[in-house]
Amino acid sequence: MEPDAGPRARIVGTRDAPALWKWYLLAGCLLSAVYPLVPPAPAKLVVWPAIGWSAVAAIVVGVRRHRPDGQIAWYLLALGIATFIVGDDLYSFRNFVQHDDVPFPSYVDVVYLAMYPLLIVGLVLLIRRRSPGRDRASLLDAAIITCGAGLLSWVILIVPYFRSQDIGVLERLTSIAYPLGDIALLAMIVRLAVGSGRRPISFWLLAASIVQLLIADALYGYLNLAGLWHEHNVVDGGWIAFYVGWGAAALHPSMRELSARSSGSPRVSRRRLLLVGSAALIPPAVLFVEQLNGEVVDGAAIAVTSAILFVLVLARTSGLAGEVSEKRSEARFHSLVTNASDAIVVVDDIGVVRYQTPSAARVLGRHAAELLDHPIGDLLAVEDERQLGVLLATAGVTTTVDWRVRSGDGTWRDMEVIAADLRDDASVHGLVLTMRDITERRALDAELRRQALHDTLTTLPNRSLFHDRVVHALSRAARRQGDVAVLFLDLDDFKMVNDSLGHPSGDDLLIAVAARLLTTLKSGDTLARFGGDEFAVLLEDGDVAHAAEAVAQRMQDALREPFRVGEEDVPVHVSIGIAVGRAGVDTPSGLLRNADLAMYVAKRNGKARFERFVPEMHEQAIRRLEVASELRGAIDNGQLVVFYQPIVAVATGLTLGAEALVRWNHPSRGLIPPNDFIPVAETTGLVIPLGRWVLDEACRQTRAWQQAGLVDDAFYISVNLSARHLRDTSVVDDVVHALDTSGMTASALLIEVTETGLVEDLDPAGTVLHDLKALGVRLAIDDFGTGYSSLGRLGTFPLDVVKIDKSFIDRLGGHADGDAMVRAVVDLSHTLGMMTVAEGVEDPDQARALSRLGCSVAQGFLFARPMPADDMTGALELEGLKLVAQP
845 MEPDAGPRAR IVGTRDAPAL WKWYLLAGCL LSAVYPLVPP APAKLVVWPA IGWSAVAAIV
905 VGVRRHRPDG QIAWYLLALG IATFIVGDDL YSFRNFVQHD DVPFPSYVDV VYLAMYPLLI
965 VGLVLLIRRR SPGRDRASLL DAAIITCGAG LLSWVILIVP YFRSQDIGVL ERLTSIAYPL
1025 GDIALLAMIV RLAVGSGRRP ISFWLLAASI VQLLIADALY GYLNLAGLWH EHNVVDGGWI
1085 AFYVGWGAAA LHPSMRELSA RSSGSPRVSR RRLLLVGSAA LIPPAVLFVE QLNGEVVDGA
1145 AIAVTSAILF VLVLARTSGL AGEVSEKRSE ARFHSLVTNA SDAIVVVDDI GVVRYQTPSA
1205 ARVLGRHAAE LLDHPIGDLL AVEDERQLGV LLATAGVTTT VDWRVRSGDG TWRDMEVIAA
1265 DLRDDASVHG LVLTMRDITE RRALDAELRR QALHDTLTTL PNRSLFHDRV VHALSRAARR
1325 QGDVAVLFLD LDDFKMVNDS LGHPSGDDLL IAVAARLLTT LKSGDTLARF GGDEFAVLLE
1385 DGDVAHAAEA VAQRMQDALR EPFRVGEEDV PVHVSIGIAV GRAGVDTPSG LLRNADLAMY
1445 VAKRNGKARF ERFVPEMHEQ AIRRLEVASE LRGAIDNGQL VVFYQPIVAV ATGLTLGAEA
1505 LVRWNHPSRG LIPPNDFIPV AETTGLVIPL GRWVLDEACR QTRAWQQAGL VDDAFYISVN
1565 LSARHLRDTS VVDDVVHALD TSGMTASALL IEVTETGLVE DLDPAGTVLH DLKALGVRLA
1625 IDDFGTGYSS LGRLGTFPLD VVKIDKSFID RLGGHADGDA MVRAVVDLSH TLGMMTVAEG
1685 VEDPDQARAL SRLGCSVAQG FLFARPMPAD DMTGALELEG LKLVAQP
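Residue numbers 845 to 1731, in this note's numbering, belong to the letters of the sequence shown in order.
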């Protein structure tokens, strides 16, 4: 592929293409000629839209045909033209089809005025692409010209609207907006004109069309003020020229130059100075004309404009002085470059040094006597000496090469060498070698590359290097028809180490873990650290499909012995995911993803284990992603519903309270149980807004039952809060909001916290629980017996209720240890002043056993299943009893 020769070369390549812009311009002229001959209605409804929309189409075709840089700018210009023609079409439709006078201002003016910001932004983008650097001179010149033109617009068009007593404020502001928009467009085209680079035909077409727009708008404004305006007149020709000019500019091949980066600085020509100077003379000219008319009515505007122009001209004059100074600096720099710190060496046709700068002794580590009149090739490495021979044999060469040069102390230095053949220059007559010592830079680059590919803490390969090795491993596996295995490791509960011992101790532990894991691998295997507590292993030799599980087991065995960190023995467990892949079937990214998925399955299945990837894991992950995506909308769109399960007195069956249980009423899948979406909500953080919604809804419904007289003040509602919600700083405010908005008393709310959440996610003092307790709500530990709590730890938290997990209730009656466990929990809870509630009671024998063991409150299918609020209301109405206070 040949290198791009730049925008000029690309434009030349389009000259052989048909001159579509000429045909378009000719067609526009023909339509313009036909337009005055057509009656007003068909002219405005047929010919005019054809002209306008052809301009939009021409811009789009021009962009697609010539493919300039920064196409978005041209599309914005097309959109601006489109808004203008839409405004024309709306106006004509109201006027000639509906025969309705269009009021001024109206929505049509909004459409018209929308053109200006679109065109301005498009032109700004063209200017920025054409002159990406700061061009202060061009900006000042454009400001001077625009300021002068703006004064003319103010005097001729804007001031008459301000002074008119026959129009309202909105009509006055809308009328002023048009000339202001025209001045802004003029400013953009002037800035484009005075910037650096040539001004191709496309630019002149754009400039001419904008000038035509300004003239047409000015005539319209003047005639409108004078009450002489009527539809379908000669002024329409200006707007037609505006449309056609934009379209022709986009179709012309030189349109690519308008967004191509220009080189050099704008040249200060006489014409440019004349134009800028003329603009600066506009205020005194206006003052002179008004003086001749006998009254100076715009003195303030003239004075302000003169002051602004004075400042701008002063700044521009200062810039011209700076440009002169800059040229002098360039001459001084040219003089200094001969004594630059880089070594400059001139060699003859056979490579003998004929000249060197004084800096050569420092850069090359050689005295002048060791260089002058000696072959430079004697100092070069063999391959570099051969390259020097090629340069000497090639005429007119200018290139950059890297050489290794032996210094005076015998060490090798890396040199960046710019070789320029000036043997035909009578003043040089040699090959000029500009040599820069880059030894330290090369060493630094090598170190940076090493650091970029290795973990700074453990010195293991990092994610980037590991990915690269997986790519090469799959390529090698393809040649030998073998497999590649990737193991993804994540340390279990490593956050607790950082939180308890500090991050420095956590870093020490990671270094020790990495060292121990390395002992389980062969020399050809790769162990990498991905960051945090994540590691990965690459296996590619032998039967990796069977070896992967053996390696995973060795790693877990190696980590069984606790690590000594400071004064503490820290146990470490790891969850491992295994993925086996084959070249042509699996990609490196897919292999890593599969191992990562398998690792998360190992986490969910209890941690401290390894799992091998199966395709079902990916399908489950996709389903979880879909659930997470839909769940966000379910919370906002009212798809969640709360079911209520009564909590009853075992002896009497009377309802003491109810537990709020969320369900998802999916529009297509029906009612979804919580086990299908709560885990996803936990991992994505959606469990917090979900829990907040359930809390608000449950409190509102409970207050409604209280106000209806269906329950008394002793009735309570039990709401589950996730451990993640408890860690959130808003949890106390969420509870306060639910109570305040519902009007329910705090004592009627029982907040349930899982046992695992208490142990793993709250501080020992249970600060959050104490804050909630201070509100007056009651607290319960849910699923007690499934986590890590001992009976003795119950007293460390401000709990009111212990809910005994269903797994223990199921063992009542037929298992002596089940009775003993329930009795122990009940007795200790009562001793600590806590009430016990049995969960999952399903048959009468369990209820009788609970009564015998002293547990008087329960919930489960034996008494009632979870039900919607309406069904719960009906059940409370049927019960019809006022409940006594709970024990």
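Beta carbons are placed, not taken as given, at the ideal position from N, Cα and C, and that holds for glycine.
This structure is a prediction, so every number in the text was calculated from the model and none was measured.
Among the candidates Phe1559, Arg1568, Arg1467 and Asp1615, whose CA atom is the shortest distance from the CA of Ala1592?
Walking along the sequence shown from the start, residue 1592 turns up at place 748. Ranking Phe1559, Arg1568, Arg1467 and Asp1615 by Cα distance to Ala1592 puts Phe1559 first.
Would Phe1154 be called buried (16 or more neighbouring beta carbons within 10 Å of its own) or exposed?
Looking up residue 1154 in the sequence shown gives position 310. So Phe1154 counts as exposed.
With a threshold of 6 angstroms on Cβ separation, who are the neighbours of Leu967 within its own chain once the five nearest residues in sequence on each side are excluded?
Locating residue 967 in the sequence shown gives position 123, where the first residue counts as 1. Closer than 6 angstroms at the Cβ level, and outside the excluded window around Leu967, lie Met1032.
Identify every run of the alpha helix (DSSP H) within the region 1013-1042, keeping only runs that are complete inside it and at least 4 residues long; order them along the chain.
1013-1038
Work out the CA separation of His1347 and Thr1680 for me, nearest whole Å.
Translated into positions along the sequence shown, residue 1680 becomes position 836. Translated into positions along the sequence shown, residue 1347 becomes position 503. Going by the C-alpha atoms only, they are around 41 angstroms apart.
Name the DSSP beta bridge partners of Arg1382, please?
By 1-based counting over the sequence shown, the position of residue 1382 is 538. Reading the sequence as shown, one finds Leu at residue 1382 and not Arg. In DSSP, Leu1382 forms a bridge with Val1330 and Thr1370.
Per-residue DSSP class, three states only, for Asp1281
Reading the sequence shown from its first residue, position 437 is the one you call residue 1281. In this structure, Asp1281 counts as strand in the three-state DSSP scheme.
Boundaries of the beta strand (DSSP E) in which Tyr1488 is found, first to last residue
Counting from one through the sequence shown, the residue named residue 1488 turns up at place 644. Note, Tyr1488: beta strand (DSSP E), Leu1484 to Ala1493.
Rounded distance between the beta-carbons of Val1538 and Ala1504, thought under 8 angstroms
In the sequence shown, residue 1504 corresponds to position 660, counting from 1. In the sequence shown, residue 1538 corresponds to position 694, counting from 1. Sure, about 6 angstroms apart at Cβ, within 8 angstroms.
Runs of 4 residues minimum, wholly inside the region 1174-1244: which ones carry the alpha helix (DSSP H) assignment?
1204-1208, 1212-1215 and 1226-1237
Separation of Asn1438 from Thr1364, as counted between CA atoms:
Residue 1364 sits at position 520 when you count from the first residue of the sequence shown. Residue 1438 sits at position 594 when you count from the first residue of the sequence shown. Each residue's alpha carbon lies about 23 angstroms from the other.
Thr1244 to Ala1225, Cα distance in whole Å?
Within the sequence shown, the letter at position 400 stands for residue 1244. Within the sequence shown, the letter at position 381 stands for residue 1225. Roughly 17 angstroms between the two C-alpha positions.
Out of Gly1221, Ala1567, Ser1512 and Ala1582, which has the shortest C-alpha to C-alpha gap to Glu1541?
Within the sequence shown, the letter at position 697 stands for residue 1541. When only C-alpha atoms are compared, the closest one is Ala1582.
Quickly, what does DSSP pair Glu1455 with across the bridge? List them, please.
In the sequence shown, counting from the first residue as 1, residue 1455 sits at position 611. Gly1421.
Quick check on Val1712: does DSSP put it in helix, strand or coil?
Here residue 1712 is taken as the residue at index 868 of the sequence shown, counted from 1. According to the sequence provided, residue 1712 is Pro. The question's Val does not apply to it. The answer is strand: DSSP assigns Pro1712 an E or B state.
Should Thr1598 go down as buried or exposed, given a rule of 16 or more other Cβ atoms within 10 Å for buried?
Within the sequence shown, residue 1598 is the residue found at index 754, counting from 1. Buried: at least 16 other Cβ atoms inside 10 Å.
Of all the alpha helix (DSSP H) runs that stay within the bounds of the region 1291-1327, which reach a length of 4 or more residues?
1307-1324
What are the residues that DSSP puts in a beta bridge with Gly1274?
Residue mapping note: residue 1274 aligns to position 430 of the sequence shown, counting from 1. Its beta-bridge partners are Leu1266.
Count the other CB atoms within 10 Å of the CB of Thr1302; is the residue buried (16 or more) or exposed (fewer)?
Here the question's residue 1302 lines up with position 458 in the sequence shown. Buried, since its Cβ has 16 or more Cβ neighbours within 10 Å.
Verify whether the separation of the beta carbon atoms of Asp1440 and Gly1421 is less than 9 angstroms.
For the purposes of this step, residue 1440 is identified with residue 596 of the sequence shown, where counting begins at 1. For the purposes of this step, residue 1421 is identified with residue 577 of the sequence shown, where counting begins at 1. Contact flag set, yes.
Output needed for Trp1086: all residues of its chain with C-beta closer than 6 angstroms, excluding positions within five of it in sequence on either side, in chain order.
Taking the first residue of the sequence shown as position 1, residue 1086 is located at position 242. The question names Trp, yet the displayed sequence has Phe at residue 1086. Excluding sequence neighbours, Phe1086 sits near Ser1053, Gln1056 and Leu1057.
Enumerate in chain order the residues of its own chain whose CB-to-CB distance from Gln1545 is below 6 angstroms, with the five nearest sequence positions on each side excluded.
Within the sequence shown, numbered from 1, the residue matching residue 1545 stands at position 701. Answer for Gln1545: Ala1713, listed in chain order.
Return the Cβ separation of Ala1094 and Val907 in integer angstroms, given the expectation that the two are a contact with Cβ distance under 8 angstroms.
Locating residue 1094 in the sequence shown gives position 250, where the first residue counts as 1. Locating residue 907 in the sequence shown gives position 63, where the first residue counts as 1. The Cβ separation is near 7 angstroms, so the contact holds.
Give every residue of the same chain whose Cβ lies closer than 6 angstroms to the Cβ of Asp1061, excluding the five residues on either side of it in the sequence, and list them in chain order.
As a first step, residue 1061 is located in the sequence shown; it is residue number 217 there, counting from the start. Excluding residues within five positions, the ones whose Cβ falls inside 6 angstroms are Tyr1022 and Asp1026.
If the criterion is Cβ atoms closer than 9 angstroms, does the pair Leu1331 and Ala1396 meet it?
Along the sequence shown, read from residue 1 onward, the residue named residue 1331 stands at position 487. Along the sequence shown, read from residue 1 onward, the residue named residue 1396 stands at position 552. Yes, the Cβ-Cβ distance between Leu1331 and Ala1396 is below 9 angstroms.
Under a Cβ-count criterion, where at least 16 other Cβ atoms within 10 Å of its own Cβ denotes burial, should Met1259 be classed as buried or exposed?
Reading the sequence shown from its first residue, position 415 is the one you call residue 1259. The residue in question, Met1259, is buried, as its Cβ has 16 or more Cβ neighbours within 10 Å.
With a cut-off of 8 angstroms on the beta carbons, I'd call Arg1655 and Asp1649 a contact; round off their distance for me.
Mapped onto the sequence shown, residue 1655 falls at position 811. Mapped onto the sequence shown, residue 1649 falls at position 805. 11 angstroms between Cβ atoms; not a contact.
Contact the region 1566-1583 vs the region 1480-1498: 3+ CB pairs below 8 angstroms
no
Out of curiosity, what's the CA-to-CA distance linking Leu962 and Ala1028?
Here residue 962 refers to the residue found at position 118 of the sequence shown. Here residue 1028 refers to the residue found at position 184 of the sequence shown. Cα-Cα distance, rounded: 12 angstroms.
Would you mind working out which of Arg1547, Ile1595 and Leu1304 sits nearest Asp1584, comparing C-alpha positions?
By 1-based counting over the sequence shown, the position of residue 1584 is 740. If we check each option's Cα against that of Asp1584, Arg1547 comes out closest.
Is the separation between the beta-carbon of Ala1092 and that of Trp892 shorter than 9 angstroms?
Counting from one through the sequence shown, the residue named residue 1092 turns up at place 248. Counting from one through the sequence shown, the residue named residue 892 turns up at place 48. In this structure, Trp892 does not lie closer than 9 angstroms to Ala1092 by Cβ.
Meets three-Cβ-pair contact criterion under 8 angstroms: the region 1488-1495 and the region 1447-1456
no
Report yes if the C-beta distance between Glu1683 and Gly1698 is below 9 angstroms; otherwise report no.
Here the question's residue 1683 lines up with position 839 in the sequence shown. Here the question's residue 1698 lines up with position 854 in the sequence shown. Not closer than 9 angstroms, so no.
Can you tell which of Val900, Glu1284, His1218 and Ser1695 has its C-alpha closest to the C-alpha of Thr1496?
Working through the sequence shown from its first residue, we reach residue 1496 at position 652. For Thr1496, the nearest C-alpha among the options comes from Ser1695.
So, helix, strand or coil for Val1645, using DSSP?
For this step, residue 1645 is matched to residue 801 along the sequence shown. Of the three classes helix, strand and coil, the one that applies to Val1645 here is strand, per DSSP.
Between Ala1237, Asp1268, Arg1320 and Leu1223, which lies nearest to Ser1251 when the distance is taken from Cα to Cα?
Looking up residue 1251 in the sequence shown gives position 407. Of the candidates Ala1237, Asp1268, Arg1320 and Leu1223, the one whose C-alpha sits nearest the C-alpha of Ser1251 is Leu1223.
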